[in-house]
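Protein sequences appear in the order of chains X and Y.
Each residue of the first sequence is one higher than the one before, starting from 32 at the first, in this note's numbering.
Each residue of the second sequence is one higher than the one before, starting from -2 at the first, in this note's numbering.
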Amino acid sequence: MKMGELVVGGPRLALFQPSKERLDQLGAWFHAEYPSLLRFAYFVSGSSHAAEDLVQDAFVRLYRSSGRVDDASFKAYARKTILNLARSGFLRRTREQRSMMKERDAVSQLADGTARDEMWRAILSLPARQRAVVALRYYEDMKEADIAVVLGISVGSVKKHTDRALEALRARLGEERRS
Amino acid sequence: MSFESQLKETFMKHADDVRPDTQSWPVIEKRVVRRHRAGMFATAASVAALIAVTAIVTPRLVARKPSGFSKHGKPQPTATEPTPVQRGPIAVHVGADQGFQISIPTGWRAGWWEGVYEYEPAGLPSLAKGGDTFAVSVKLVAGPYDRSGISGAEDPTEMTTINDHLALASEYVGSDHTHDAVYQIQWASCLPPSIECSSNFQNNTLVVIVRASTEALWTKYWPDAQNAVRSIDAYDGTHPAHLEPPTNTFGNSDSLTALMTRFLDARVERVNAEAFMSPQAQAAFANTKNCLDLYRSRMTHKPWTSYQSVNRIDLGSGRAKFLVMMMMDRNNGGYVESITVGPAQVAGTMVSAAIASADYSCNLSSGD
């Protein structure tokens, strides 16, 4: 601050300004991980609009937790936050707010043929945690131990969720093919 | 193609269903700023609310009205918890003998006799005189505060605190409609500064009695009295109540007692007792040939720590002679003085009540 410089409420209002350092760090994480997090959110939620909201909400929460999160733990923390948000009331709220957009999603999916994708429909029928496990395992090629860290569960639980997810998918695909 | 390969291919295929929006970051940044500010405002509001709640609740917890009980089937008084508002200017009175300070409404009379401090609204008679009145009296008695029946309150009903002093509060409605609220306060204070306290002094009780002769007087003055009780605390020397010399507004004999009390308090506090004295009285105290000394014993060089009244003789013409005993130690005797209070010159101004003259006795008298 220069001598004679007029400062209006700067120091007192500083408390109400977010930390620039933390915002910059959050921005760096965003630009590095946004696409993969958006896809993960999409796989978990099954909706592109909900995925965008999930990621934004996760970053807002990350800001508050960024003092406890570093570069090494960011990826796991962000995915865990997205999954937790998806499993909480977040999706219900999003579904209500975006019911019209969902209809538009469905129309666009029908248009490009994705709605006819049996496997995709089967994946979307899985519970969120099972969907997250298979997405991490088969899309992000994570090992079971890494999935356990991301989701904050044991390796045994990862195996159990994976087995149940695959079993459910097979059953669902079998039903569709029979019908 | 294996099932797992098919699964992987499906994910790869649908990964492009979502397209990263380059405008997402500014949106997130705005949301972060908004959320941060909302959180800070919420925190500030919570802190402010907490402070406000504390400010409201704490005084009520610290000095709750006694829950009260009724004897002889008499109804409970209608007086309820007073609104904790300032009802007017207050004056800090120091009970030097007993080491307390109390804030009383200005205009109330402060009296002292035989170790009992008494405060009454202007125009009401003292308890000793009788008649319908309202008074707050304060007295130090020996023994623990939770001793039952210490003040005639046979059923101490409520544990409370008054400025961190433990206290028992009780209430009594007599068959003659008199109304008493009694506080037995744990009193372990000593007079500052550098006064030696005996172990007995640490375990005494300050008994405060709020008494109204009638229900109407109780209703009228109870809020003031409760504020006064709430204000009772150990005298810490920060409120010397006697720095100002008396004005010439004293018009009755009670003002003589009040002035005497102030004078003796000031001597024990060692603060500005000269302001109450005529030149003749000052000369008497300054005379090294007698045993009078304003703030300490000339014989032992120990400061006065307390005093007791012995007698009062009304001389007429607005004058009274007080026999008082100045004490260095509560457990031992003191030096008897004869002090005349009446009209006198103080600092060049004639006032109706001042320490006009003083006699002395160098004999050590019994304390009790």
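Here a beta-carbon is modelled for each residue, glycine too, at the ideal position from N, C-alpha and C.
Just so we're clear, the structure is a prediction, and the values are computed from it rather than from any experiment.
Q161 of chain X is classed as buried because its beta carbon has at least 16 other beta carbons within 10 Å across all chains shown.
E155 of chain Y has its alpha-carbon roughly 17 Å from the corresponding atom of W184 of chain Y.
Interface annotation, S21 of chain Y: in contact with chain X, CB-CB separation under 9 Å. Around the beta carbon of N284 of chain Y, a 10 Å sphere encloses fewer than 16 other beta carbons of the protein chains shown; the residue is thus reported as exposed. At a C-beta separation below 8 Å, R70 of chain X has these neighbours in chain Y: A12, V15.
Within the same chain, Cβ atoms closer than 7 Å to the Cβ of F74 of chain X are found at R162, A166, Y170, the five residues on either side in sequence being excluded.
Close CB contacts of G77 of chain X within its chain, under the 7 Å cut and outside five residues either way in sequence, are with L155 (chain order).
For R316 of chain Y, the enclosing beta strand (DSSP E) stretches over residues 316 to 324. In the DSSP annotation of this structure, the continuous segment of the alpha helix (DSSP H) that includes P66 of chain X starts and ends at 51 to 76. With a cut-off of 8 Å on Cβ pairs, the region 120 to 138 of chain Y is not in contact with the region 160 to 174 of chain Y, counting fewer than three such pairs. Pairing I336 of chain Y with A278 of chain Y gives a Cβ-Cβ distance under 9 Å. Nearest to V338 of chain Y by alpha-carbon distance, out of Y:A119, Y:S100, Y:A353, Y:F8, is Y:A353. Between R28 of chain Y and Q87 of chain X a beta carbon distance of about 6 Å is seen, short of the 8 Å cut, so the two are scored as contacting.
Under the DSSP definition of a beta bridge, E26 of chain Y lacks any partner. It is roughly 11 Å from the alpha-carbon of D84 of chain X to the alpha-carbon of D18 of chain Y.
The C-beta of N308 of chain Y has fewer than 16 other C-beta atoms within 10 Å across all chains shown, which makes the residue exposed. Where H80 of chain X is concerned, the enclosing alpha helix (DSSP H) starts and stops at 79 to 96. Within chain Y, no residue has its CB atom less than 8 Å from the CB of A163 of chain X, the nearest being about 12 Å off. At a beta-carbon threshold of 8 Å, the residues of chain Y lying near E83 of chain X are V15, D18, S21, ordered along the chain. Residues of the region 56 to 68 of chain X with a C-beta less than 8 Å from any C-beta of chain Y: L57, G58, F61, H62, Y65, P66, listed in chain order. At a cut-off of 9 Å between C-beta atoms, I25 of chain Y counts as an interface residue with respect to chain X. The Cβ atoms of S134 of chain Y and I229 of chain Y do not sit closer than 9 Å to each other.
Closer than 9 Å to the CB of F90 of chain X there is at least one CB belonging to chain Y.
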